[in-house]
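**Q** Count along the sequence shown from 1, then add 6; that gives the number in our numbering. Glycine is no exception: its CB is placed at the ideal position from the N, C-alpha and C atoms. Note that the structure is a prediction, hence the values are computed from the model and not measured. Pasting a structure here, questions to come.
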Amino acid sequence: MLHRYSNEVCSKEMLHDLLFGYAEAPDTHRIDVVLNRVRNKARQLGVRLPVRSIFGKGLVLVSSAA
């Protein structure tokens with residue numbers, strides 16, 4: 007999903023809705039957990055993810071051209 011909005015901040019609420027379905031009070035902590043697990047796997051493989059957390063806003067996929 008982040009690839010569609012490259013270099014744009016995507017809120018954790020939006021990502022939660024896309025990944026887990028709509029909820030009146032989405033548990034955005036689930037996004038943090040998933041991202042942490044993906045980052046750990048990538049780190050084990052020696053890969054650096056181009057995903058950045060923007061405090062209080064969400065996540066952004068940093069394209070290689072930027």
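State the CB to CB distance for the pair residue 34 and residue 14, rounded to an integer number of angstroms; the pair is presumed to be in contact (CB under 8 Å).
**A** Counting from one through the sequence shown, the residue named residue 34 turns up at place 28. Counting from one through the sequence shown, the residue named residue 14 turns up at place 8. Actually they do not touch by this definition, with Cβ atoms about 18 Å apart.
**Q** Run through DSSP, which three-state label would residue 55 get?
**A** For this step, residue 55 is matched to residue 49 along the sequence shown. In this structure, residue 55 counts as coil in the three-state DSSP scheme.
**Q** What does DSSP give as the partner residue(s) for residue 66 in the beta ladder?
**A** In the sequence shown, counting from the first residue as 1, residue 66 sits at position 60. Residue 66 is bridged to 58.
**Q** Rounded to whole angstroms, what is the Cα-Cα separation between residue 32 and residue 42?
**A** In the sequence shown, counting from the first residue as 1, residue 32 sits at position 26. In the sequence shown, counting from the first residue as 1, residue 42 sits at position 36. Roughly 18 Å between the two C-alpha positions.
**Q** Cα-Cα, which of 52, 55 and 17 is closest to residue 64?
**A** As a working note, residue 64 is residue 58 in the sequence shown. Closest option to residue 64, Cα to Cα, is 17.
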